[in-house]
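J.: Supplied in structure tokens, the structure appears directly below.
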Amino acid sequence: MPVHGRRVGLSAALAVLVATSSLARVSGAAEPPVESEATGDAAKGRLRYTLDGIEVRGNQRTVDRVVLRYIPFEPGDVLDVADPEIELTRFRLLGTGFFSSVRISLRKGRRRGAAVLVIDVEERNTIIVENVAMGIAADEDAEGNSEPITPYLGVQVAETNLAGTGITLGAGIGVAADQFALQMRFADPAFVGSEWAFTSSMHYIAARDFFGIKDVSFESPLLELREVTDYAVVSYSRFGGTIGAGHDLSTSTRVLFDYGLERVEALVPTVASHVRGHTREPIDFDILPGASVLSTINAALIYDTRDTPFLPTRGALGSIRGTLGLEPLGSSYGYQKLEASLAYWWRLPWRHVVSLEGQVGAIAGDAPFFEMFYVGDYTDLLPDRILGLNPDRRQPPNILGTDIVEVRYGNYAAKLEAEYRIPLYVGRGSVYGIDFFTGAGLYGVATSRDFEDPPTGYEGAARAPIDLTYNLGLRIETYVGGFSVAFSNLFGLLPAREGGRK
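Convert by adding 18 to the 1-based position in the sequence shown; the result is the number in my numbering.
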């Protein structure tokens with residue numbers, strides 16, 4: 019939902035900042051001017067006032083302390099009306115998802131040079147659909163043509179402001195052929211009244227994954243298959259959870275930590291091989307057969323200056339995330355994982371929006387395959403994973419004719435993507451905004467072996483596992499959440515591969 023915000027300069031000694039989401043354009047009348055003798059900077063155009071207090075208005079359900087948690091100012095502070103923290107504060111309040119509009123203004127205080135900071139909010143529905151994914155999982159024939167097989171569905175819902183306290187309760191379910199996932203989560207942004215957030219989650223996943231590039235041969239006498247498949251199938255389950263904490267470092271920056279523990283049960287083929295390039299090789303499933311334990315410590319640093327979460331028109335979102343699989347804490351998998359991403363949005367003079375996003379990641383050690391980088395998470399032409407499920411069996415389309423078709427999971431990944439967005443509708447009813455979007459990018463996913471021992475049969479630039487991706491569709495912000503209707507997965511069903519799966 020685009021947010022259109024601007025500063026309104028007043029010839030009197032007051033500046034009023036107004037923020038609304040795309041359901042309403044920026045509007046608002048100026049408060050009565052505050053006479054200023056706070057500092058000599060006023061004569062130079064710098065307006066500063068001592069805060070007598072902070073007043074929250076319009077919050078029918080949300081308690082005051084939830085709003086005040088996101089305000090970096092306190093009574094007694096000297097407030098510069100040109101301070102960028104004011105704009106970041108209204109963006110942060112909009113980013114909570116509790117409010118459809120936020121207005122920050124000043125009114126006259128008890129004495130000359132003093133003012134009261136007024137936060138006017140308009141609340142919105144906070145029982146939302148966070149994510150819906152549905153489509154048709156596909157297989158491939160010997161020539162690389164897609165063959166739709168079974169539907170899949172994933173839904174996540176949450177109450178993000180339980181009883182006006184800011185607490186989030188969420189749940190999700192994913193269903194595909196012979197696969198099921200269930201997830202629950204809890205988050206309190208001010209645990210027991212402190213400045214620390216508390217998070218926890220639990221999940222159960224019963225899934226299958228499909229390995230092998232071409233001409234796959236495998237034996238798995240304990241696995242029941244309802245169909246004849248050209249892939250080596252791994253059946254596995256995961257049960258566990260996380261517990262964590264977070265803290266705001268500034269209005270736009272926060273740090274998160276959590277510890278994850280889960281039990282993994284895997285049924286792996288006793289023997290399996292495939293043709294990689296032109297050479298037959300054994301398949302490495304990157305998971306331990308039988309029972310194992312995954313114990314991890316995770317940390318993330320997040321920087322967010324977007325004007326709204328779903329359809330931003332300006333600002334940036336960046337993150338650095340690290341994961342350690344710790345054998346001293348009982349993990350059967352010892353590895354290190356580092357991911358970084360940065361996205362930026364610009365609003366053009368004709369109100370269209372351009373964005374540029376970059377991602378990079380690397381893994382060292384022995385991570386299980388479900389913690390590795392999946393090619394479908396980087397190309398828009400294959401479905402993403404759904405709550406840990408991966409129902410699709412296809413290789414990427416391989417528009418550039420490289421050895422990307424030899425990769426399903428990798429230790430290294432990178433992506434650079436640009437997007438152009440056109441607002442089609444802005445309203446105040448059940449639909450807040452509709453944007454058309456189109457985007458394209460370049461991505462790569464590789465294993466360590468792709469660098470050390472590339473697949474045979476590829477020469478020159480074709481040995482770089484990279485490819486193009488593209489997408490177009492609609493993004494719709496509604497009363498119950500934001501939705502993307504994308505057509506890229508349909509394009510992925512079209513024959514586009516250089517070479518076939520034989």
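Every residue gets a Cβ at the ideal spot worked out from N, C-alpha and C, and that includes glycine.
1. Given that a residue counts as buried once 16 or more other Cβ atoms are within 10 Å of its Cβ, and exposed if not, what is Ala181?
2. Within 10 angstroms of the Cβ of Arg43, are there 16 or more other Cβ atoms? Answer buried if so, exposed if not.
3. Report the rounded CA-to-CA distance for Trp368 versus Arg298, giving the unit in angstroms.
4. On the CB-based measure, 16 or more other CB atoms within 10 Å of its CB, does Trp363 come out buried or exposed?
5. Write down every uninterrupted run of the beta strand (DSSP E) in the stretch 350-377 whose length is 3 residues or greater and which is fully enclosed by it, in chain order.
6. With respect to the beta strand (DSSP E) encompassing Phe469, which residues constitute its N-terminal and C-terminal limits?
7. With a threshold of 6 Å (Cβ to nearest heavy atom), would Val282 be considered close to the ligand PLP?
8. Between Val9 and the rest of its own chain, which residues show a CB-CB distance below 6 Å, the 5 nearest in sequence each way excluded?
9. Excluding the 5 residues flanking Leu335 on each side, which residues of the same chain have their C-beta closer than 6 Å to its C-beta?
10. Return helix, strand or coil for Pro169, following the three-state DSSP convention.
11. Applying the criterion that 16 or more other CB atoms from any shown protein chain within 10 Å of the CB defines a buried residue, is Tyr443 buried or exposed?
12. Skipping 5 residues on each side, what residues in its chain have a beta carbon closer than 8 Å to that of Thr68?
13. Helix, strand or coil: which one does DSSP assign to Ala208?
14. Express the C-alpha separation of Gln413 and Arg426 in angstroms, rounding to a whole number.
15. Going by DSSP, name the residue or residues bridged to Ile223.
16. Name the one or two DSSP bridge partners that His265 has.
17. Do the stretch 187-207 and the stretch 378-395 make contact, defined as three or more Cβ pairs closer than 8 Å?
18. Return yes when the Cβ of Ser123 is within less than 7 Å of the Cβ of Val136, no when it is not.
19. Using only the alpha-carbon positions, how far apart do Asp421 and Gly462 sit?
20. Bridge partners for Asn316 per DSSP, in chain order?
21. Using a Cβ distance threshold of 8 Å, determine whether the stretch 314-321 contacts the stretch 335-345, with at least three qualifying pairs required.
22. If you reduce the DSSP assignment to three classes, tell me which class Ile301 lands in.
23. Hey, out of Gly192, Pro441 and Pro300, whose CA is closest to Gly451's CA?
24. Under 7 Å, Cβ to Cβ, is there at least one residue of chain C near Thr297?
25. Exposed or buried, Met152, counting other C-beta atoms within 10 Å across all chains shown (16 or more means buried)?
26. Could you name the residues that DSSP lists as bridge partners for Gln174?
27. What are the complete beta strand (DSSP E) segments, minimum 3 residues, inside the stretch 454-500?
28. For Ala47 and Arg121, I'd like the C-alpha separation in whole angstroms.
29. What is the rounded straight-line gap between the Cα of Ile494 and the Cα of Phe454?
30. Consult DSSP for Pro327 and reduce its assignment to one of helix, strand or coil.
31. Looking only at its own chain, which residues have a Cβ that is under 7 Å from the Cβ of Leu241, when we skip the five neighbours before and after it?
T.: Considering the structure as presented:
1. Here Ala181 is exposed, its C-beta having fewer than 16 other C-beta atoms within 10 Å.
2. The predicted model places Arg43 with a pLDDT of 30, which falls under 50 and marks its position as unreliable; any figure quoted below should be read in that light. Exposed: under 16 other Cβ atoms inside 10 Å.
3. The straight-line gap separating the alpha-carbon atoms of Trp368 and Arg298 is approximately 56 Å.
4. buried
5. 353-365
6. From DSSP, Phe469 is part of no beta strand (DSSP E) but of the alpha helix (DSSP H) over Ser466 to Glu470.
7. This structure simply doesn't include the ligand PLP, nor any ligand for that matter.
8. Beyond the ends of the chain as shown, which are 19 and 520, falls residue 9; an answer cannot be given.
9. Asp322, Arg324 and Ala361
10. Shown here, Pro169 sits in a strand according to DSSP, grouped into three states.
11. Result: exposed.
12. Ala56, Gly94, Asp95, Val96, Leu97, Gly127, Gly131, Ala132 and Ala133
13. coil
14. 7 Å
15. Its beta-bridge partners are Ala199 and Arg256.
16. Trp214 and Val273
17. With a cut-off of 8 Å, the stretch 378-395 and the stretch 187-207 do not count as touching, because too few Cβ pairs lie within range.
18. yes
19. 10 Å
20. Bridge partners of Asn316: Asp276 and Thr341.
21. The count of Cβ pairs closer than 8 Å, one atom from the stretch 314-321 and one from the stretch 335-345, reaches three, so the stretches are in contact.
22. For Ile301, the three-state secondary structure derived from DSSP is coil.
23. Pro441
24. Looking at the structure shown, chain C is missing, and only one protein chain is on hand.
25. So Met152 ends up on the exposed side.
26. Asn149 and Gly190
27. 484-496
28. At Ala47, the pLDDT of 33 sits below 50, so the modelled position is not reliable; the number obtained from the coordinates is stated separately. Roughly 11 Å between the two C-alpha positions.
29. 9 Å
30. Residue state, collapsed to three classes: coil.
31. Val251, Ser253 and Leu285
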